[in-house]
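For the sequence shown, numbering that gives the first Met the number 0 assigns the number 0 to the initial residue and increments by one for each residue that follows. Note that CB positions come from ideal geometry on N, CA and C, so glycine has one too. See below for the structure under consideration.
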Amino acid sequence: MDAETAEFVKSGFLGAVPFARTLGVQFLEIDYGRAVMRLPDSADHHNHVGGPHAGAMFTLGESASGAIIIGTFGDRLDRSVPLAVKADIRYHKLAMGDLTAEARLSRSRAEILAELDAGGRPEFDVDVELRTDDGTVTGSMSVTWTLKPSKADDPENG
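Next comes the structure, spelled out in C-alpha coordinates:
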(Lines of atoms letter the chains of each structure in order from A and count residues from 1; the text may use other names and numbers.)
(Lines give C-alpha, C1' and ligand atoms only; values in the text may rest on other atoms or scores of the structure.)
Protein backbone atom coordinates (compact mmCIF):
# COMPACT_ATOMS: atom_id res chain seq x y z
CA MET A 1 0.00 0.00 0.00
CA ASP A 2 1.41 3.40 -0.88
CA ALA A 3 1.91 6.14 1.72
CA GLU A 4 -1.10 8.18 0.54
CA THR A 5 -3.45 5.21 0.87
CA ALA A 6 -1.98 4.34 4.28
CA GLU A 7 -2.62 7.89 5.53
CA PHE A 8 -6.16 7.75 4.15
CA VAL A 9 -6.80 4.49 6.05
CA LYS A 10 -5.32 5.86 9.29
CA SER A 11 -7.22 9.13 9.23
CA GLY A 12 -10.43 7.47 8.05
CA PHE A 13 -10.25 4.84 10.77
CA LEU A 14 -9.48 7.27 13.58
CA GLY A 15 -12.20 9.60 12.30
CA ALA A 16 -14.79 6.83 12.23
CA VAL A 17 -13.90 5.14 15.54
CA PRO A 18 -13.93 7.73 18.34
CA PHE A 19 -13.46 5.10 21.07
CA ALA A 20 -10.11 4.04 19.58
CA ARG A 21 -9.07 7.73 19.63
CA THR A 22 -10.23 8.00 23.26
CA LEU A 23 -7.95 5.10 24.25
CA GLY A 24 -5.06 6.57 22.24
CA VAL A 25 -4.68 3.63 19.86
CA GLN A 26 -1.86 4.28 17.38
CA PHE A 27 -0.97 2.85 13.98
CA LEU A 28 2.47 1.29 13.63
CA GLU A 29 2.02 -0.42 10.24
CA ILE A 30 -0.79 -0.81 7.73
CA ASP A 31 -0.83 -2.77 4.51
CA TYR A 32 -3.29 -4.84 2.53
CA GLY A 33 -4.31 -7.75 4.74
CA ARG A 34 -2.14 -6.70 7.71
CA ALA A 35 -2.24 -4.05 10.43
CA VAL A 36 -0.11 -3.41 13.50
CA MET A 37 -1.43 -1.06 16.17
CA ARG A 38 -0.31 -0.02 19.64
CA LEU A 39 -2.08 0.78 22.88
CA PRO A 40 0.24 2.93 25.00
CA ASP A 41 0.32 2.02 28.68
CA SER A 42 -1.88 4.30 30.75
CA ALA A 43 -3.07 4.05 34.34
CA ASP A 44 -6.49 5.11 33.02
CA HIS A 45 -6.69 1.77 31.16
CA HIS A 46 -5.52 -0.48 34.01
CA ASN A 47 -7.52 -3.22 35.69
CA HIS A 48 -7.40 -4.36 39.32
CA VAL A 49 -4.02 -6.13 38.84
CA GLY A 50 -2.24 -3.24 37.12
CA GLY A 51 -2.35 -4.35 33.48
CA PRO A 52 -4.51 -3.10 30.66
CA HIS A 53 -8.21 -3.77 31.16
CA ALA A 54 -9.64 -6.63 29.08
CA GLY A 55 -11.91 -4.15 27.33
CA ALA A 56 -8.93 -2.02 26.29
CA MET A 57 -7.15 -5.12 24.95
CA PHE A 58 -10.29 -6.12 23.06
CA THR A 59 -10.59 -2.64 21.57
CA LEU A 60 -6.96 -2.72 20.42
CA GLY A 61 -7.41 -6.10 18.71
CA GLU A 62 -10.77 -5.25 17.16
CA SER A 63 -9.35 -1.93 15.96
CA ALA A 64 -6.46 -3.66 14.21
CA SER A 65 -8.91 -6.04 12.53
CA GLY A 66 -11.11 -3.13 11.44
CA ALA A 67 -8.14 -1.23 10.03
CA ILE A 68 -7.47 -4.21 7.76
CA ILE A 69 -11.04 -4.05 6.49
CA ILE A 70 -10.75 -0.36 5.61
CA GLY A 71 -7.29 -0.83 4.08
CA THR A 72 -8.13 -3.94 2.08
CA PHE A 73 -11.70 -3.21 1.01
CA GLY A 74 -11.88 0.60 1.12
CA ASP A 75 -12.43 0.74 -2.64
CA ARG A 76 -15.56 -1.43 -2.25
CA LEU A 77 -17.24 0.41 0.61
CA ASP A 78 -19.47 2.24 -1.86
CA ARG A 79 -21.22 -1.08 -2.52
CA SER A 80 -20.84 -2.96 0.75
CA VAL A 81 -20.92 -2.34 4.49
CA PRO A 82 -18.33 -4.09 6.66
CA LEU A 83 -19.75 -5.52 9.87
CA ALA A 84 -18.15 -7.51 12.64
CA VAL A 85 -20.17 -10.71 13.05
CA LYS A 86 -18.45 -12.20 16.11
CA ALA A 87 -15.22 -12.07 18.05
CA ASP A 88 -13.35 -14.50 20.24
CA ILE A 89 -10.54 -13.39 22.51
CA ARG A 90 -8.25 -15.34 24.80
CA TYR A 91 -6.10 -13.78 27.49
CA HIS A 92 -2.91 -15.86 27.88
CA LYS A 93 -0.76 -13.84 30.26
CA LEU A 94 -0.96 -10.67 32.28
CA ALA A 95 0.02 -7.81 30.00
CA MET A 96 2.14 -5.02 31.42
CA GLY A 97 3.24 -1.87 29.60
CA ASP A 98 2.51 -0.90 26.02
CA LEU A 99 0.60 -3.47 23.97
CA THR A 100 0.84 -4.22 20.27
CA ALA A 101 -1.80 -5.97 18.16
CA GLU A 102 -0.81 -7.57 14.87
CA ALA A 103 -3.78 -8.53 12.70
CA ARG A 104 -3.84 -10.61 9.53
CA LEU A 105 -6.60 -11.34 7.06
CA SER A 106 -7.23 -15.11 6.86
CA ARG A 107 -8.45 -15.22 3.23
CA SER A 108 -7.27 -13.43 0.14
CA ARG A 109 -8.91 -10.21 -1.00
CA ALA A 110 -9.55 -11.78 -4.40
CA GLU A 111 -11.41 -14.74 -2.89
CA ILE A 112 -13.56 -12.52 -0.67
CA LEU A 113 -14.38 -10.10 -3.49
CA ALA A 114 -15.24 -12.96 -5.85
CA GLU A 115 -17.86 -14.09 -3.36
CA LEU A 116 -19.20 -10.53 -3.01
CA ASP A 117 -19.23 -10.02 -6.80
CA ALA A 118 -21.17 -13.28 -7.22
CA GLY A 119 -23.95 -11.81 -5.06
CA GLY A 120 -22.86 -13.42 -1.79
CA ARG A 121 -22.25 -11.97 1.61
CA PRO A 122 -18.75 -13.20 2.41
CA GLU A 123 -17.69 -13.94 5.98
CA PHE A 124 -14.01 -14.12 6.82
CA ASP A 125 -11.74 -14.01 9.84
CA VAL A 126 -9.06 -11.60 10.89
CA ASP A 127 -6.62 -13.21 13.34
CA VAL A 128 -4.95 -10.98 15.91
CA GLU A 129 -1.97 -11.52 18.21
CA LEU A 130 -1.61 -9.24 21.25
CA ARG A 131 1.88 -8.87 22.70
CA THR A 132 4.06 -6.72 24.92
CA ASP A 133 7.15 -4.86 23.74
CA ASP A 134 9.40 -7.78 24.68
CA GLY A 135 7.42 -10.06 22.34
CA THR A 136 5.46 -11.92 25.02
CA VAL A 137 2.13 -13.02 23.57
CA THR A 138 -0.49 -11.98 26.10
CA GLY A 139 -3.63 -12.64 24.06
CA SER A 140 -5.07 -13.86 20.79
CA MET A 141 -8.23 -12.92 19.03
CA SER A 142 -10.25 -13.79 15.98
CA VAL A 143 -12.81 -11.39 14.55
CA THR A 144 -15.25 -12.64 11.93
CA TRP A 145 -16.28 -9.93 9.48
CA THR A 146 -18.79 -9.77 6.66
CA LEU A 147 -19.20 -7.46 3.71
CA LYS A 148 -22.94 -6.82 3.52
CA PRO A 149 -23.96 -5.70 0.04
CA SER A 150 -25.36 -2.16 -0.04
CA LYS A 151 -29.11 -1.93 -0.61
CA ALA A 152 -28.70 -1.19 -4.32
CA ASP A 153 -26.41 -4.23 -4.75
CA ASP A 154 -28.27 -6.60 -2.42
CA PRO A 155 -30.24 -9.22 -4.39
CA GLU A 156 -32.66 -9.51 -1.44
CA ASN A 157 -33.77 -5.92 -2.08
CA GLY A 158 -34.93 -6.96 -5.54
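Bounding residues of the alpha helix (DSSP H) (the contiguous stretch that carries residue i)
i: Gly-138; result: Element bounds for Gly-138: not the alpha helix (DSSP H) but the beta strand (DSSP E), 136-148.
i: Met-56; result: 53-72
i: Leu-22; result: 17-22
Simplified DSSP assignment, three categories, for residue i
i: Ser-79; result: strand
i: Lys-85; result: strand
i: Leu-112; result: helix
i: Ala-94; result: coil
i: Val-35; result: strand
Exposure label - residue i; buried when at least 16 CB within 10 Å
i: Asp-124; result: buried
i: Ala-19; result: buried
i: Ala-2; result: exposed
i: Arg-130; result: buried
i: Leu-245; result: Residue numbering for the chain in the displayed model covers 0 to 157; residue 245 lies beyond these limits and cannot be assessed.
Where the beta strand (DSSP E) through residue i begins and ends
i: Arg-130; result: 122-131
i: Leu-104; result: 98-104
i: Ala-42; result: Neither: Ala-42 is in no beta strand (DSSP E) and is coded neither H nor E.
i: Leu-1; result: As written in the sequence, residue 1 is Asp, which differs from the Leu given in the question. Run containing Asp-1: none; DSSP gives neither H nor E here.
Beta-carbon spacing of residue i, residue j below 8 Å
i: Ala-66; j: Val-8; result: yes
i: Thr-143; j: Arg-120; result: no
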